[in-house]
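Novice: In our numbering, the protein residues as written are 3 to 119. Handing you a structure now.
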Amino acid sequence: MSLVARHLEENGLATVIMGCARDIVEECGVARFVFTDFPLGNPCGKPWDAGMQQSIAGIALDLLERAWMPRTTIQTPYQWHNDEWREVFMKVDATNREALAREGEKRREFQAKVKKS
């Protein structure tokens, strides 16, 4: 998505990226980035929290209007209810290796079925 945003910007269309992977998005050099320090998949706020989601969307629109320099990043003021997700994010060890391998095999099988149809 970041590379698409860069392409659009180069062709005169202003963009704002909303995301949770600050290091990756900033490395791509997007013009405007709203960072929410939440688990991946939740850049617009907590599920079912419409007020938070509207606020984060508003922050993005404000950034689109008021960015003061290229490659501007704004961090939202919100926090996840706890930091336990950080301890297990991308964790692979003896406690979950087999389960992850089974899930990976299921996904590969599903993708192969989809490809055939």
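No residue lacks a Cβ here, since even glycine has one placed at the ideal position from N, Cα and C.
Since L65 and V18 should fall inside the 8 Å C-beta cutoff, what is the C-beta to C-beta distance between them, to a whole number of angstroms?
Specialist: Confirmed, Cβ separation roughly 6 Å.
Novice: State the Cα-Cα distance for the pair Q56 and S119, rounded to the nearest angstrom.
Specialist: The alpha-carbon atoms of Q56 and S119 are separated by roughly 39 Å.
Novice: Assign T78 to one of two classes, buried (16 or more other C-beta atoms within 10 Å of its C-beta) or exposed (fewer than that).
Specialist: Its Cβ being crowded by 16 or more others within 10 Å, T78 is buried.
Novice: Are the beta-carbon atoms belonging to A33 and E67 less than 7 Å from one another?
Specialist: Not closer than 7 Å, so no.
Novice: Let's test the definition: count the other Cβ atoms within 10 Å of the Cβ of M2 and tell me whether it reaches 16, buried, or not, exposed.
Specialist: The shown model of the chain, from 3 to 119, leaves out residue 2, and the question about it has no answer.
Novice: Tell me the residue span of the beta strand (DSSP E) that contains M20.
Specialist: Segment I19 to G21, the beta strand (DSSP E) holding M20.
Novice: In this structure, how does DSSP classify Q113 when only helix, strand and coil are distinguished?
Specialist: Helix, per DSSP.
Novice: Quick test of your reading: I58 and G47, contact by CB under 8 Å. State the CB separation rounded to the nearest angstrom.
Specialist: The pair is a contact, with the Cβ atoms about 5 Å apart (cut-off 8 Å).
Novice: Give me whichever residues DSSP pairs with V36 in a beta bridge.
Specialist: V36 pairs with M20 and I76.
Novice: Helix, strand or coil for Q81 per DSSP?
Specialist: It is coil, neither helix nor strand.
Novice: Rounded to a whole number of angstroms, what is the C-alpha to C-alpha distance between A52 and Q81?
Specialist: Going from the Cα of A52 to the Cα of Q81 covers about 15 Å.
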